[in-house]
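Input: a single structure, listed below in structure tokens.
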Amino acid sequence: MTTIDELPDFPHFTGMALDRVSVERKDADWVARIMADSTAREVIAGRDAVAVADDGAPEVLRLAMTETPAEPILLGVDAAGAGLFAVDLDDLPEHAHPDDNGAKIISLRDAGSQLSPEEGGLAAYAVALLNWHRRHRFCANCGAATTVAEAGYSRHCPRCGAHHFPRTDPVVIMTVEHDRRLLLGRRAGWPERRLSVLAGFVSPGESAEEAVVREVQEESGILARDAVFVASQPWPFPASLMLGFHAMSDGGEPRATDGELEEVRWVDLDQVRAALRGEEAEFLLPPSVSVARFLIERWAAARGD
Ligand SMILES: [Zn+2]
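Sequential numbering of the sequence shown, starting at 120, is according to our numbering.
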């Protein structure tokens, strides 16, 4: 049986190694110098995809800067001090497509499972930041077109003066346990036989712990209690932060109450373990790139024999 020590300490998409230079990036002259330096590189990412180079060990493609963007989006600087900038795949001229440079575009999910934690984290970061810019070209306050500020860490409205900052939407996701069984559900549209833990967005005016109890109750009718934080994961599809919890329950018969799930039920520990080994015929668990899998693996490993 897998022990907890054998499992990864952190979910996929965490481990990004760049210095985000939160202070220096406010200095336009400093950013211009970093951008003009011959060590500057650009990372190309789309809505849920990233360009990678693959010479044995795949990594995020880093191209020499082809031009000086008027509105640079600086991801950060690496350990050698080189600046890394994000470029939107949608904005690339046809001739500059990375496919023509010995690289390939892979989905962000594949990046999470195929790249190292540092590189997977970088991919998630670039996609998340570009997704935010893509969706916030206009001021939420007055509707005017906004401009990039702080080398990509904010947008400014020249009409009303509002500053907008990259947002990430908190989602709670939780293992809920009763009597060595786990509460699992299935959403419409998921791959056949897939079951996973429940999840939902945190509401305004609500703590994450309160969101755990509410979501479980809404989706299954089950009362959860004693929610304890386990781990978090950036999930830029397009802009979420997954907050992973474990909670207990006194049991009861789960029912899909709010229409979000087409099935919800308790699953025995032995069946969960078999599914993790790929030996359960009745259902499948989510892929390893997800924090759902991370939480389920840790739950099963921590239960003992
Ligand atoms: Zn405005």
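All C-beta atoms, glycine included, are put in the ideal place defined by N, C-alpha and C.
Here the structure is a predicted model, which means the values were calculated and not measured.
With fewer than 16 other beta carbons inside 10 angstroms of its own, V347 counts as exposed. Fully contained in the segment 227-265 are the following alpha helix (DSSP H) runs of length 4 or more, in chain order: 227-233 and 236-254. Ranked by how close their Cα comes to the Cα of S141, the residues P236, G231 and E269 have E269 in first place. When the Cα atoms are used, V171 and R384 turn out to be separated by approximately 40 Å.
DSSP places S368 in the uninterrupted beta strand (DSSP E) bounded by S359 to S368.
In this structure, G363 lies away from P191, with their beta-carbon atoms at least 9 Å apart. Under the 8 Å Cβ criterion, the segment 410-420 counts as touching the segment 121-139, having at least three qualifying pairs. Annotation: A151 to C258 spans about 26 Å, alpha carbon to alpha carbon. Per DSSP, M293 lies in no alpha helix (DSSP H); the unbroken beta strand (DSSP E) holding it starts and ends at D288 to H297.
Under a 10 Å Cβ-count criterion, R144 is classified as buried, with 16 or more other Cβ atoms of the shown protein chains found around its own Cβ.
For a cut-off of 8 Å, the C-beta gap from G202 to A159 is around 5 Å, short enough to register as a contact. Here the alpha carbons of T185 and R286 stand approximately 29 Å from one another. By the neighbour-count criterion, in which a residue is buried when 16 or more other Cβ atoms sit within 10 angstroms of its Cβ, H365 is buried. Not one heavy atom of ligand 1 falls within 8 Å of the beta-carbon of T266.
Fully enclosed alpha helix (DSSP H) runs of no fewer than 4 residues occupy 388-395 of the segment 376-420, in order along the chain. Residue pairing by DSSP puts A170 in a beta bridge opposite I224.
The set of residues with a C-beta under 6 Å from any non-hydrogen atom of ligand 1 comprises C258, N260, C261, A263, C276, R278, C279 and A281, given in chain order. In this chain, the alpha helix (DSSP H) harbouring I153 covers A147 to A155. Between S409 and the set D209, L194, V169 and L227, the nearest pair of CA atoms involves L227. Counting along the chain, E178 sits inside the beta strand (DSSP E) bounded by residues A176 to V179. Sorting R299, F204 and L301 by C-alpha distance to the C-alpha of M154 places F204 at the top. Looking at the backbone, the Cα of V206 and that of L180 are separated by about 11 Å. A residue is called buried when at least 16 other Cβ atoms come within 10 angstroms of its Cβ; P310 does not meet this threshold and is exposed.
In this structure, E338 lies near G319, with their beta-carbon atoms less than 9 Å apart.
Annotation for A205: the continuous beta strand (DSSP E) segment containing it runs G202 to D207.
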